[in-house]
Every structure is written in C-alpha cells, then in structure tokens.
Amino acid sequence: MANYPTSRLRRLRHSSIVRDMVRETFLRKEDLIYPLFVHHGEKIKNEVKSMPGVYQMSIDVLVEECKELVALGIPAIILFGIPEHKDEQGSDAYDSNGIIQRAVRAIKENVKDLLVITDICLCEYTSHGHCGLLNGEEILNDETVTLLAKEAISHCEAGADMVAPSDMMDGRVAAIRKALDYKGFTKIPIMSYAVKYSSGYYGPFRDAADSAPAFGDRRSHQMDIANSDEAMREAKSDVEEGADIIMVKPAGPYLDVIYRVKKEFGMPTAAYQVSGEYSMIKAAGKLDWIDEERVMIESLIAIKRAGADMILTYFAKDVAKYLDKSK
Ligand code: PBG
Ligand code: ZN
Numbered sequence: 002m003a004n005y006p007t008s009r010l011r012r013l014r015h016s017s018i019v020r021d022m023v024r025e026t027f028l029r030k031e032d033l034i035y036p037l038f039v040h041h042g043e044k045i046k047n048e049v050k051s052m053p054g055v056y057q058m059s060i061d062v063l064v065e066e067c068k069e070l071v072a073l074g075i076p077a078i079i080l081f082g083i084p085e086h087k088d089e090q091g092s093d094a095y096d097s098n099g100i101i102q103r104a105v106r107a108i109k110e111n112v113k114d115l116l117v118i119t120d121i122c123l124c125e126y127t128s129h130g131h132c133g134l135l136n137g138e139e140i141l142n143d144e145t146v147t148l149l150a151k152e153a154i155s156h157c158e159a160g161a162d163m164v165a166p167s168d169m170m171d172g173r174v175a176a177i178r179k180a181l182d183y184k185g186f187t188k189i190p191i192m193s194y195a196v197k198y199s200s201g202y203y204g205p206f207r208d209a210a211d212s213a214p215a216f217g218d219r220r221s222h223q224m225d226i227a228n229s230d231e232a233m234r235e236a237k238s239d240v241e242e243g244a245d246i247i248m249v250k251p252a253g254p255y256l257d258v259i260y261r262v263k264k265e266f267g268m269p270t271a272a273y274q275v276s277g278e279y280s281m282i283k284a285a286g287k288l289d290w291i292d293e294e295r296v297m298i299e300s301l302i303a304i305k306r307a308g309a310d311m312i313l314t315y316f317a318k319d320v321a322k323y324l325d326k327s328k
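Residue 130 in this note's numbering sits at position 129 of the sequence shown; the count goes up by one each step and never skips.
In structure tokens:
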C-alpha cells in the first residue's frame, strides 16, 4: 500500500455517501433472532427486573407479541419456558402439553411467517435448576441426552421449525439428530449451542427464566471462559454430529471465538448476545452514561464483523425499529 501523502485514508471518510459505499458490515433484520419467555397462566406480562423491556408472557400475550414481531420484520424467535410445575426430571420439557408445546401450537395456529426455534435444555423445568438429571450433585450425561432427544421430538411434534440444544451435554446433537430423523423430522435443522461458556453474563436470564441452579454452578458442563482451542473441539464435535448452525455464547466478550469458529468451520454461525450484555447496555443507557442506541448498534456490528451470520439478541425489536428509521 502506498504511503502518506499519496495514501490518505481519510479521503473515503469525508462524505456520508462514500462512507456508505465502502462500509463492510451490515446489520439486517434477517440476521435477528428474538428470545421470548413463555410463562404459564393467562394475561401475564411481567417485566423482568434485571432486563428492562423484556417480559415473561403467557401464551395469549405471546401470540400478540409474535404478530407484532412479524409486522416489524423480525424473522425468527427462540422460546424459553417457565412451566407451572417443576420436578426432578424436568418432565414439563418433554410433555406434549408442556408450556413450550402449547406455546408453539398457539403461535403456529395464529401467526404466519415466523420461524419458531425452541431452546432444548432441562434447567427451566427441573426443581433443582440444573441442566440435566442428577445423581447426588453430579449431572448425568447420557441419561440427560435421552431426555433432551425426547424434548426435541416433542417440540417438533408441536410444530417447532428448528431446535437449539443449549445444555452442553456430550453427544446430544447426534442423539437429537437421530431421534428427529427416526420420527420423520428430517428437515428440521439443529442450531447447536456449540460453544457455550460458563459465564457470569447469564445472571439476568436466570431471573427471566427462573432457572438459577439451587446449588453449585454449571462449570461441569459449560466451557471454561479461558479456553478457545477447546472451543474449536466443541464446535468440531457438533459439526460432525450433524449440527446445521453452530452458536457461540456469549457474543461480545468472545469475539475472538466467533472469529475462529467462522474461519475454521465456515459453518452458518450464530452468536448469542446474552442477557448480561443487554442489561449492561440498558443500565448505562438509562443512567445517561452512554448513548444506548449507538452502543446497541456498535455491539451488534462488532459481533457481525467478527463473523457471525445471525444474532440472538434482546435488542431485536429496537434494532428493527432503528433500521426502519434510518432508511
Ligand atoms: C439454558 C440457557 C441459558 C441461556 C440460554 N439457554 C442459561 C444458562 O445456561 O444458565 C442464557 C441466555 C442469556 O443469558 O441471555 N441452558
Ligand atoms: Zn440449561
């Protein structure tokens, strides 16, 4: 590259027309997946204290929300359930009348053109808040995987368009793929939470989903925050087991991992901008310490620039409105 004064990098920055012309990264509505929390009961719309603008909704309210999302141009949602009854086996997760199964049916009956993804894990459904079956304080892997496959089948029978296992048990993608295929759901893609760190940024989510573990933490299955070679092994095993889309989570603090995963596997790659990332921006914005809208967009552009093709974000509605406004 030529040096100054021949090269003046500022030449392309003077006019907004030229800046728009040379921009490399874009946020599109098509990139967005909006997480929603389904609460048992009726006419319920509880704001989550640690997540301003995010609500637990009963199915009737959820259906109306979904219509609004379609009108805004948001293409996809991911559902989390808050069941009325929890037990040691998390049986609501794979009950044909479970909270998610009923929610998916209601959405599919009433809303067109919305991709419905369901989160596959047990922690929202177990009385102890752990992601799997317990033997004492140990989370059992293979026994849990069997239930996760049942959960995935049950969500698909209700009408889910895609399933997203978030549990981090070994071998669950292969087991879910096999189970879905056996039941004839050969066209349902799996978006696997392939690289999910044991992160402090999930704090507000556990308020939203009422899924905090009763004892201990999730370090025996989620990844150590310090590791990224291991992230490649996690992603590789999910790709080999049949994942169609691989996810990195959280997103903002793990841009290096998103970059590596995209480079190494060239797979459709999702990133989850998690509850804590959202709440920190919201909180600082509310205090007028930062320009919330500007930082929101910057945080999401950064995630795409790192290599993500799609983003799960609680900002999805705000982004859609921003994109409409800035047209
Ligand atoms: C459930 C699950 C969690 C999140 C998504 N699926 C919580 C956890 O692992 O504790 C976190 C999402 C967020 O923080 O926004 N396994
Ligand atoms: Zn879990």
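Beta carbons are placed, not taken as given, at the ideal position from N, Cα and C, and that holds for glycine.
- Shown here, Gln57 sits in a strand according to DSSP, grouped into three states.
- Restricting attention to alpha helix (DSSP H) runs no shorter than 4 residues, the region 62–116 encloses them at 100–111, ordered along the chain.
- With distances taken between CA atoms, Ala272 lies nearest to Leu33 out of Val19, Ser16 and Leu33.
- In the DSSP assignment, Thr7 is bridged to no other residue.
- When rounded, the separation of the alpha-carbon atoms in Asp162 and Ala180 is 15 Å.
- Between Glu139 and Ser212, the CB-CB gap reaches or exceeds 9 Å.
- The three-state secondary structure of Ala210, taken from DSSP, is coil.
- Annotated as distal: Ile189 and Ile259, with beta-carbon spacing of 9 Å or more.
- At least one heavy atom of ligand 1 is found less than 8 Å from the C-beta of Lys250.
- Counting along the chain, Asn142 sits inside the alpha helix (DSSP H) bounded by residues Asn142 to Ala159.
- Per DSSP, the beta bridge partners of Met311 are Ala271.
- Note on geometry: alpha-carbon atoms of Gly253 and Leu301 lie some 8 Å from one another.
- Counting C-beta pairs with one atom in each stretch, the region 170–179 and the region 104–119 have fewer than three that are closer than 8 Å, which means they do not touch.
- Counted as a single uninterrupted DSSP element, the alpha helix (DSSP H) harbouring Tyr279 occupies residues Ser276 to Lys287.
- Per the coordinates, the alpha-carbon of His156 lies some 34 Å from the alpha-carbon of Ala227.
- For Leu134, the secondary structure class from DSSP, reduced to helix, strand or coil, is coil.
- In the DSSP assignment, Tyr198 forms a beta bridge with Met224.
- For Ser212, the CB falls within less than 8 Å of some heavy atom of ligand 2.
- Fewer than three beta-carbon pairs drawn from the region 242–250 and the region 13–24 are found closer than 8 Å, and the two stretches are therefore not classed as touching.
- Relative to ligand 1, Arg219 has its C-beta within less than 8 Å of a heavy atom.
- Between Ala309 and Phe266, the CB-CB gap reaches or exceeds 9 Å.
- Residue pairing of Lys250 in beta bridges, as defined by DSSP: Lys197.
- Straight-line measurement puts the Cα of Arg11 at about 54 Å from the Cα of Arg106.
- Taking C-beta atoms under 8 Å as the contact rule, Glu69 and Leu37 fail to qualify, at a distance of about 11 Å.
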